[in-house]
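Just below is one structure, and these are the notes that go with it.
2 protein chains.
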Amino acid sequence: MARLVPVTDAADPRLTDYVRLRDVNLRKSLEAEHGLFVAEGEKVIRRAIGAGHPVRSLLMARRWAEPLADVLDGLDAPVYLADDDVLEATTGFQVHRGALASLERLPLPSVDTLLTTARRVIVCEDIVDHTNIGAIFRCAAALGVDAAVLAPRCADPLYRRAVKVSMGAVFALPYARMADWRNGLGALRERGFELLALTPAADATPIDEVKAAERRALLLGSEGDGLSSRWLHEADHRVRIPMDGAALARGVDSLNVVAAAAIACYALTR
Amino acid sequence: MARLVPVTDAADPRLTDYVRLRDVNLRKSLEAEHGLFVAEGEKVIRRAIGAGHPVRSLLMARRWAEPLADVLDGLDAPVYLADDDVLEATTGFQVHRGALASLERLPLPSVDTLLTTARRVIVCEDIVDHTNIGAIFRCAAALGVDAAVLAPRCADPLYRRAVKVSMGAVFALPYARMADWRNGLGALRERGFELLALTPAADATPIDEVKAAERRALLLGSEGDGLSSRWLHEADHRVRIPMDGAALARGVDSLNVVAAAAIACYALTR
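Quick mapping for you: the protein sequence lines, in order, are chains A and B.
Residue 871 is where the first sequence starts when you use this note's numbering, and the numbers rise one by one after that.
Residue 871 is where the second sequence starts when you use this note's numbering, and the numbers rise one by one after that.
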């Protein structure tokens, strides 16, 4: 049974894992240094624990101890109970979902290990927005993509906001981080993956017209500039979501990265 | 040529159209009363004007007068030039895109008029989030949906945030508002539309297995609860995005409404 520990001071050093959750730079260094991440909300906390992440501690409003009682029962970690104002002063925002957990990150597999059994993968070059990476993981996992490979500068799927938007899909979709952007696609080639670069370019092939290969990797670029010319050049096919001609004429010439990724994952896994 | 009018006081009554842009309730009543809406950013302003919305005024940081010079040339409306702090004090947030326009709403067509020529439409029951309605309009327009029908409580596509997220697609996709939720689907039936209700229910038909009818309407429910039981019952088919079995077993059992709408619009327009 977890220890229930009331806390009344936002500056209590036992709450260090939870400070300033919206300060991206601070969180990056704090989480890297301690190998932790933060899950928010009952459902996501359950999924994080269910995925095997050891719990460092929980921090919640008192009202959450009851709905999470079965989880707390099995825990050997402190559960800090605080009033809403202490929660807000610690985290820097109103914690609507009322419950937070600090969990240990697990070692990521190597790209090579990840690709051993995967047949459908997404490769994210520089998705920099945490909301987007979370939403893309949710789509990919739901539609049956087997794994994700992330370029070195791609946003962290275990950042609180990404975890939350993904509804815990970041625990369901195995992923690995490539060490080197320049030669990062090499491991996919060696494993026999056909590389499909998603682009809005009008001369790319409609994604549903590319014949399905045994192993396929969908390359997704950054929100603003899309894929780098290096990766576009290295791909086997440049593919696009077919857009409506009349819409193009009215200036609606692209989808946002999540909508495009959702449709592309759907097409990839049909 | 538009008149360039420097303003230095956030309380200047000439800036009333732009006050507290993040205060949803205030904006609703203010915009309804004056029949106006606000467009933000150069690209979106150009599209709003291009779509024929008369301009009431513009408000911008001085640095935007030059890039928008060709637009201002043709305008017979005041252009208020202000420093960033005045912009922020008026609107209630940092206006990153630096330029705002207040434009007149145009009369919406009736549902019946809208449906005369349309063949592929989306029907939004209660999409309440402005970001979501903007993103859904962008997807629908880009993929070749002909029109949107909105239930009475569905969010306003011309709310600033919806316009911005849609990248101006709200000007490209014709839409109408049904007067009555209860009998709202009747007009679609009378026009011969096949009604497809999108749902995550496991016993619904995979959307790509429904034979394409001549005229089809895709019904989209609210973010939280999905479609009402009334609309689900009235639909000809309940359709779902096929989800991966292994993902379902790991608790990834749904897509967010924008991703689901994107895939469904793609399937609808193939």
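Just so you know, even glycine gets a beta-carbon here, dropped at the ideal spot from N, CA and C.
Return no unless some Cβ of chain A is closer than 8 Å to the Cβ of residue i.
i: Gly911 of chain B; result: no
i: Val844 of chain B; result: Outside the shown range of chain B, which is 871 to 1140, sits residue 844 of chain B, and nothing can be said about it.
i: Val914 of chain B; result: no
i: Ile1133 of chain B; result: yes
i: Asn1053 of chain B; result: no
i: Val965 of chain B; result: no
i: Ala1017 of chain B; result: no
i: Leu1138 of chain B; result: no
Look at the alpha carbon of residue i and the alpha carbon of residue j, and state the distance between them as a whole number of angstroms.
i: Asn1053 of chain B; j: Arg1030 of chain B; result: 30 Å
i: Arg989 of chain A; j: Ile1003 of chain B; result: 34 Å
i: Met1048 of chain A; j: Val993 of chain A; result: 10 Å
i: Val981 of chain A; j: Ser1098 of chain B; result: 44 Å
i: Val908 of chain B; j: Tyr1045 of chain A; result: 42 Å
i: Pro1027 of chain B; j: Leu1020 of chain B; result: 10 Å
i: Ala1105 of chain B; j: Gly1038 of chain B; result: 30 Å
i: Val949 of chain B; j: Leu957 of chain B; result: 13 Å
i: Ala880 of chain B; j: Thr960 of chain B; result: 5 Å
i: Ser1092 of chain A; j: Gly1014 of chain A; result: 22 Å
i: Leu976 of chain A; j: Arg892 of chain A; result: 23 Å
i: Gly1094 of chain A; j: Arg916 of chain A; result: 34 Å
i: Val965 of chain A; j: Asp954 of chain A; result: 8 Å
i: Gly920 of chain A; j: Ser1036 of chain B; result: 37 Å
i: Gly1062 of chain B; j: Leu1088 of chain B; result: 13 Å
i: Asp1050 of chain A; j: Thr1139 of chain A; result: 27 Å
i: Val1033 of chain A; j: Val1040 of chain A; result: 6 Å
i: Gly944 of chain B; j: Leu906 of chain B; result: 20 Å
i: Thr987 of chain A; j: Glu1084 of chain A; result: 12 Å
i: Glu1064 of chain A; j: Cys1135 of chain A; result: 15 Å
i: Ala933 of chain B; j: Pro979 of chain A; result: Note on identity: in this sequence residue 933 of chain B is Arg, with Ala being the wrong assignment. Computed Cα separation, rounded: 49 Å.
i: Ala1072 of chain A; j: Leu874 of chain B; result: 40 Å
i: His904 of chain A; j: Ile1006 of chain A; result: 26 Å
i: His923 of chain A; j: Asp940 of chain A; result: 17 Å
i: Val991 of chain B; j: Val914 of chain A; result: 35 Å
i: Glu995 of chain B; j: Asp1078 of chain A; result: 30 Å
i: Ile1111 of chain B; j: Val1080 of chain B; result: 12 Å
i: Ala1137 of chain B; j: Val1127 of chain B; result: 15 Å
One question on the structure: do residue i and residue j come within less than 8 Å of each other, judged by their Cβ atoms?
i: Ala1082 of chain A; j: Asp1114 of chain B; result: no
i: Arg1108 of chain A; j: Ala1074 of chain A; result: yes
i: Ala1042 of chain A; j: Arg1120 of chain B; result: yes
i: Val1018 of chain B; j: Ala1025 of chain B; result: Note that residue 1018 of chain B is Ala in the sequence shown, not Val. Their beta carbons are not under 8 Å apart, which means Ala1018 of chain B does not touch Ala1025 of chain B by this criterion.
i: Ala935 of chain A; j: Leu942 of chain A; result: yes
i: Ala872 of chain A; j: Ala952 of chain A; result: no
i: Arg926 of chain B; j: Asp887 of chain B; result: yes
i: Asp817 of chain B; j: Pro1076 of chain B; result: Outside the shown range of chain B, which is 871 to 1140, sits residue 817 of chain B, and nothing can be said about it.
i: Leu1102 of chain A; j: Arg1086 of chain A; result: no
i: Ala1116 of chain B; j: Ala1132 of chain A; result: no
i: Leu1058 of chain B; j: Leu985 of chain B; result: yes
i: Arg884 of chain B; j: Val877 of chain B; result: yes
i: Ile997 of chain B; j: Leu1055 of chain B; result: no
i: Glu912 of chain A; j: Leu938 of chain A; result: yes
i: Arg967 of chain B; j: Glu1060 of chain B; result: no
i: Arg1008 of chain B; j: Leu928 of chain A; result: no
i: Arg1155 of chain A; j: Gly962 of chain A; result: Beyond the ends of chain A as shown, which are 871 and 1140, falls residue 1155 of chain A; an answer cannot be given.
Examine chain B for any beta-carbon lying closer than 8 Å to the beta-carbon of residue i, and answer yes or no.
i: Gly1014 of chain A; result: yes
i: Asp1114 of chain A; result: yes
i: Arg1158 of chain A; result: Residue 1158 of chain A lies beyond the residue range present for chain A, which begins at 871 and ends at 1140; the question has no answer from this structure.
i: Leu984 of chain A; result: no
i: Val1128 of chain A; result: yes
i: Tyr1045 of chain A; result: no
i: Tyr1117 of chain A; result: What sits at residue 1117 of chain A in the sequence shown is Ala, not Tyr. For Ala1117 of chain A, the answer is yes, since a Cβ of chain B falls inside 8 Å of its Cβ.
i: Leu1125 of chain A; result: yes
Which residues of the stretch 986 to 1010 of chain A have a Cβ closer than 7 Å to any Cβ of chain B? Give them in chain order.
For the stretch 986 to 1010 of chain A, the set of residues with a beta-carbon nearer than 7 Å to any beta-carbon of chain B comprises Ala1005, Arg1008, Cys1009, in chain order.
So, does the stretch 959 to 973 of chain A touch the stretch 998 to 1013 of chain A, judging by three or more C-beta pairs under 8 Å?
The stretch 959 to 973 of chain A is not in contact with the stretch 998 to 1013 of chain A.
Could you name the residues of the stretch 1022 to 1043 of chain A whose beta carbon sits closer than 9 Å to any beta carbon of chain B, in the order they occur along the chain?
Correct list: Val1035, Ser1036, Met1037, Gly1038, Ala1039, Phe1041, Ala1042, Leu1043.
Using a Cβ-Cβ cut-off of less than 8 Å, give me the residues of the stretch 1072 to 1087 of chain B that come near chain A, in sequence order.
Within the stretch 1072 to 1087 of chain B, the residues whose Cβ lies closer than 8 Å to some Cβ of chain A are Asp1078, listed in chain order.
Residues of the stretch 881 to 908 of chain A with a CB closer than 9 Å to any CB of chain B: list them in chain order, please.
So the list is empty, because no residue satisfies the distance condition.
Residues from the stretch 937 to 955 of chain B in contact with chain A, defined by Cβ distance under 9 Å
Against chain A - using a Cβ distance shorter than 9 Å - the stretch 937 to 955 of chain B contributes no residues.
Closer than 9 Å between beta carbons: that is the criterion. Which residues of the stretch 917 to 936 of chain B meet it against chain A?
Listed in sequence order: Arg917, Gly920, Ala921.
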